[in-house]
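Going by my numbering, the first residue of the sequence shown is number 4, and it counts up by one from there.
Backbone N, C-alpha and C define an ideal beta-carbon position, used for all residues, glycine too.
Let me begin by presenting the structure, written as structure tokens, before commenting on it.
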Amino acid sequence: MAGVSEGTVDRIIHNRGNVSAEATERVKHVLNSINYNPNLIARTLGKSKQYLIATLLPDPQADPYWKQSFDGVHEAIEQLQQFGLSIKTENFFYELNNRNSFVEAVRKNIRTQPDGVLIAPLFYSPSISFFNELASKKTPFVLINTKIPSTNTLAFIGQDLLQSGRLGGQLASFGLSKNQNLIILHIDEDLQNAIHLQEKEIGFREFIARDVNKHQVFSFALRSTDSQQLKIDLETIIRQHNPPSIFVSTSKGFKVAEMIKQFNPTIKIISYDLIPANVECLRNGTLDFIINQNPTKQAKLGMQILANHLLFNRKFQPQYLFPLDVITSENLPTYLFHSGQDSSVIV
Numbered sequence: 004m005a006g007v008s009e010g011t012v013d014r015i016i017h018n019r020g021n022v023s024a025e026a027t028e029r030v031k032h033v034l035n036s037i038n039y040n041p042n043l044i045a046r047t048l049g050k051s052k053q054y055l056i057a058t059l060l061p062d063p064q065a066d067p068y069w070k071q072s073f074d075g076v077h078e079a080i081e082q083l084q085q086f087g088l089s090i091k092t093e094n095f096f097y098e099l100n101n102r103n104s105f106v107e108a109v110r111k112n113i114r115t116q117p118d119g120v121l122i123a124p125l126f127y128s129p130s131i132s133f134f135n136e137l138a139s140k141k142t143p144f145v146l147i148n149t150k151i152p153s154t155n156t157l158a159f160i161g162q163d164l165l166q167s168g169r170l171g172g173q174l175a176s177f178g179l180s181k182n183q184n185l186i187i188l189h190i191d192e193d194l195q196n197a198i199h200l201q202e203k204e205i206g207f208r209e210f211i212a213r214d215v216n217k218h219q220v221f222s223f224a225l226r227s228t229d230s231q232q233l234k235i236d237l238e239t240i241i242r243q244h245n246p247p248s249i250f251v252s253t254s255k256g257f258k259v260a261e262m263i264k265q266f267n268p269t270i271k272i273i274s275y276d277l278i279p280a281n282v283e284c285l286r287n288g289t290l291d292f293i294i295n296q297n298p299t300k301q302a303k304l305g306m307q308i309l310a311n312h313l314l315f316n317r318k319f320q321p322q323y324l325f326p327l328d329v330i331t332s333e334n335l336p337t338y339l340f341h342s343g344q345d346s347s348v349i350v
């Protein structure tokens, strides 16, 4: 956000003067950050058509990872509106692990007749049907977080999930002795429908299988709704398998980290994403590694791609794979400072 009026933006774009150097610099910085050509913006400001981008995301109030993703949607729209660009959004949320909720959100999405759609497609079969419906209407769509093959996708934004799982396997394998067992935990997930988690597990197992020391990998799907039962389940797993490392396939490492360390403080725990609860666990030592998926940047880029396509008919590469950032307690402060995710930082 440049923090200036639409009129100020217009004067800067057209070089009409009467604008402070500071305001000009702020506007140019934002223009560069959203990859817009100022000449294109100038032509677009006069257009009367308003484009509707719909989103299809898990409920951000129910999960901190998806809260960060939705923050990215907001950031993108605020930047676009800062320049008077004619984009509005309508958001449709569904419950994680609830296929019927996803299908209903799809129905509502279609009824709005959007000009473009940002989708987090966590359910395979209904997602394919949705893609086909959008393609029949020639509606562009961008996928984030989970890649489901579709020839009609404008772009996919996320990470290589097989590689992500292999990285998890590499982190889990540090310091292993012969014939040790490793654990994968899927917390509060419907694994049968979660293609993205299946790919992470495949990648993890692929990496461990390379080791000549013949380690075994055991996978468990646990629920965190009953904390007492969760504690019992974790204790049973740890006693039976005595793992040196545990890989949590989502951002829910914070839900099990403290319990695991109580049973055995030497167990290394790998999880995903710099949500506030995981950051705290990394700081206090109950989580050892976080693989960050940058949900805010994924959604923000997805919205920018859709807007650029609708407003300027720009073409994009078919996928944007984000780097696999490994965060520890040592590089956390610097990483948070540069990513802007630590609100306590004073510049």
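Check, Outcome
"Meets three-Cβ-pair contact criterion under 8 angstroms: the region 173–186 and the region 145–163", "no"
"Sequence-distant residues of its chain with Cβ nearer than 7 angstroms to K91 (five each side left out)", "Q53, L55"
"Candidates I187, S227, N297, of which the one nearest T245 by Cα", "The displayed chain sequence assigns Asn, not Thr, to residue 245. It is I187 whose Cα lies nearest to the Cα of N245."
"Run of the beta strand (DSSP E) containing L137, from where it starts to where it stops", "Counting along the chain, L137 falls outside any beta strand (DSSP E), though it belongs to the alpha helix (DSSP H) covering 127–139."
"Pair within 8 angstroms by beta-carbon distance, F210 and Q173", "yes"
"Rounded distance between the beta-carbons of I270 and K264, thought under 8 angstroms", "7 angstroms"
"Three or more C-beta pairs below 8 angstroms linking the region 136–151 and the region 197–212", "yes"
"Pairwise C-alpha distance: Y127 and T115", "22 angstroms"
"Touch test, the region 158–165 against the region 221–239, Cβ-Cβ under 8 angstroms, three pairs minimum", "no"
"Collapsed DSSP secondary structure at N316 in the structure displayed", "coil"
"Bridge-paired residues (DSSP) for N184", "Q219"
"Nearest-angstrom Cα separation, counted from D118 out to E283", "40 angstroms"
"Residues that V106 bridges to, as DSSP identifies them", "Answer by DSSP bridge pairing: none, since V106 is not bridged."
"Close Cβ partners of N281 (< 7 angstroms) along its chain, the five nearest in sequence each way excluded", "S254, G256, F257, S274, L290, I293"
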